């Protein structure tokens, strides 16, 4: 038995044993990074044509009144009434001594004039060399030489838990420094257009309006990202900020510098995630990969031999753990490059060679699809009918069956099949009409797990069916 008298002694002993390890974990030191990095960080002041609102929501009139008075005291006038020219602000950083500057596309989009201010109060009018809305990056240039510059990290070894530092101008407060850690890597934040080409770095660094376009540093003083977005309900930081990773920045900046525009890899597929039931039906030991739901006619994937129902497990030598990862990898692949694509098809792994296409900044590819068809899939619990020719033409498919009824408590109901869905494939069997659907159902065995491909409200979708024993 341990008496109360011995507890303090034991506590001191434990503290003594642990203390050396704790002492080795000294707090990070940011002063040298700030001193060396700040001169290359710039404040970007953007003017818009009279009567036009900035797309950038971080306009000066949104700044709290007490801060606006602070700007007036410093001689920085807030925007004039609506008929006068409007302004917004952001951050950026110099990447070469001859005046190239990186910032966010949303900071300068639609600008009438872009002014760059350095920490030593020098100001330059900037030329917009090129922009890339898909990655939210822009490249500027000022007519100057011998400027301080920052190095963009090249090893791509940033890890969750690593310390990072941001410098920028939140709410116009020049050269503010905030620090935190990397919270997650490879975050997918699809745009309003549903595009998803940036594997964002999530941090808890305090980022606010005006920090957009500024650098995110590691403890070596290298730029590991460009601060781009925050998640907030109040307008200020709540510890959820997102930065464009260095790998994307290097790729986009090199192309903008070379040609003023960006071309990224394009595969021509509509994809979805693989859940537990689908994984079992495709013969996978766990949910993984990107399930091909649809192919663009004549696109790179179709030409390379990919088919609806294939599960992409590796692309160009990189694992694809979820469907969200595929656009990130494909987008960074140079167009016209032929790469190996490892897939799961008919429960067997197979490797195809696919020549990646190109997607220019102004290109938009939308895949259209839908179907319709009829009969009873008694074992599945659904009533289907053939699709009419008009519907098939409207949805751009060769055949399918329209789900008219789904029996409550049936296999189909449990899997989530709905009336109005159009079934185009059952297992590995294409479903052109009711007869083909019946044949596919008749070949099923008790306990089978199979994928069902359907069209729902114009979008292709795979659902996993689990037949009862």
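Residue numbers (this note's numbering): 754 to 1222. No residue lacks a Cβ here, since even glycine has one placed at the ideal position from N, Cα and C. Small disclaimer: the values here were computed from a predicted structure and weren't measured.
Which residues DSSP lists as bridging residue 973, in chain order: Looking at the DSSP output, residue 973 bridges to nothing.
DSSP state of residue 919 mapped onto helix, strand, coil: strand
Closer than 7 Å: residue 1021 CB and nearest the ligand HEM heavy atom: By its list of ligands, the structure shown contains no ligand whatsoever, and the ligand HEM lies outside what it can speak to.
Contact between the segment 860-873 and the segment 791-800 (3+ Cβ pairs under 8 Å): Judged by Cβ distances under 8 Å, the segment 860-873 makes contact with the segment 791-800, as three or more pairs qualify.
Other residues of its chain near residue 971: CB distance less than 7 Å, five sequence neighbours each side excluded: 906, 911, 915, 917, 977
Residue 1072 - partner residues in DSSP beta bridges: Partner(s): 1067.
Which listed residue (1013, 1170, 1152, 1069) has its alpha carbon closest to that of residue 1189: Looking only at 1013, 1170, 1152, 1069, the smallest Cα-Cα distance to residue 1189 is reached by 1152.
Among 1056, 1061, 1072, 1039, the one whose alpha carbon lies nearest that of residue 1232: This structure leaves residue 1232 out entirely; the chain is present only between 754 and 1222.
Inter-residue Cα distance where the pair is residue 1050 and residue 901: 49 Å
Element boundaries [beta strand (DSSP E), containing residue 1093]: 1091-1098
Minimum Cβ-Cβ distance from residue 874 to chain C less than 8 Å: The structure shown contains no chain C; it holds only a single protein chain.
Distance CB(residue 950)-CB(residue 1042) smaller than 8 Å: No, they are not a contact pair.
Host beta strand (DSSP E) of residue 1288 (start-end): The structure shown does not extend to residue 1288, since the chain is modelled only from 754 through 1222, so no value can be given for it.
Residues of its chain near residue 849, where Cβ-Cβ distance is below 6 Å and the 5 sequence neighbours each way are ignored: Its chain contains 902 as the residues whose beta carbon lies nearer than 6 Å to that of residue 849, once the 5 sequence neighbours on both sides are disregarded; these appear in chain order.
Beta carbon of residue 1215 nearer than 8 Å to that of residue 1066: No, the Cβ-Cβ distance between residue 1215 and residue 1066 is not below 8 Å.
Reference residue 875; option with closest CA among 792, 1098, 1080: 792
Whole-angstrom C-beta distance between residue 1204 and residue 1062, which should lie under 8 Å: 6 Å
Under 8 Å between C-beta atoms of residue 931 and residue 913: no
Distance, residue 1220 Cα to residue 1198 Cα: 8 Å
Whole-angstrom distance between residue 1074 and residue 1107, CA atom to CA atom: 19 Å
Identified DSSP bridge partners for residue 980: 996
Continuous alpha helix (DSSP H) assignments of at least 4 residues falling wholly in the segment 885-962: Listed in chain order, nothing qualifies, since the segment 885-962 has no complete alpha helix (DSSP H) run of 4 or more residues.
Residue from 1196, 1176, 1201, 1192 with nearest C-alpha to residue 1227: Since the displayed the chain opens at 754 and closes at 1222, residue 1227 lies outside it and no answer follows.
Residue 926 versus 896, 890, 898, 963, residue with shortest Cα-Cα distance: 963
Inter-stretch contact at 8 Å, needing at least 3 Cβ pairs: the segment 849-863 / the segment 880-890: yes
Supposed close pair residue 922, residue 997 - CB separation, criterion 8 Å: That pair is no contact at about 18 Å.
Separation of residue 1040 from residue 846, as counted between CA atoms: 41 Å
The segment 1131-1140 touching the segment 1154-1161, judged by at least three CB pairs closer than 8 Å: yes
Coarse secondary structure for residue 1061, derived from DSSP in three states: coil
Whole-angstrom C-beta distance between residue 919 and residue 960, which should lie under 8 Å: 6 Å
Close beta carbons around residue 936, own chain, < 6 Å, minus the five adjacent residues each side: 955, 956, 957
Outcome for residue 1007 when other beta-carbon atoms lying within 10 angstroms are tallied against a minimum of 16: exposed
Beta-carbon proximity list for residue 1038, same chain, < 8 Å, skipping 5 on both sides: 1032
Simplified DSSP assignment, three categories, for residue 991: coil
Per DSSP, cross-strand counterpart(s) of residue 876: 870
Buried versus exposed call for residue 984 [16 or more other C-beta atoms within 10 Å across all chains shown]: When all chains shown are included, residue 984 counts as exposed.
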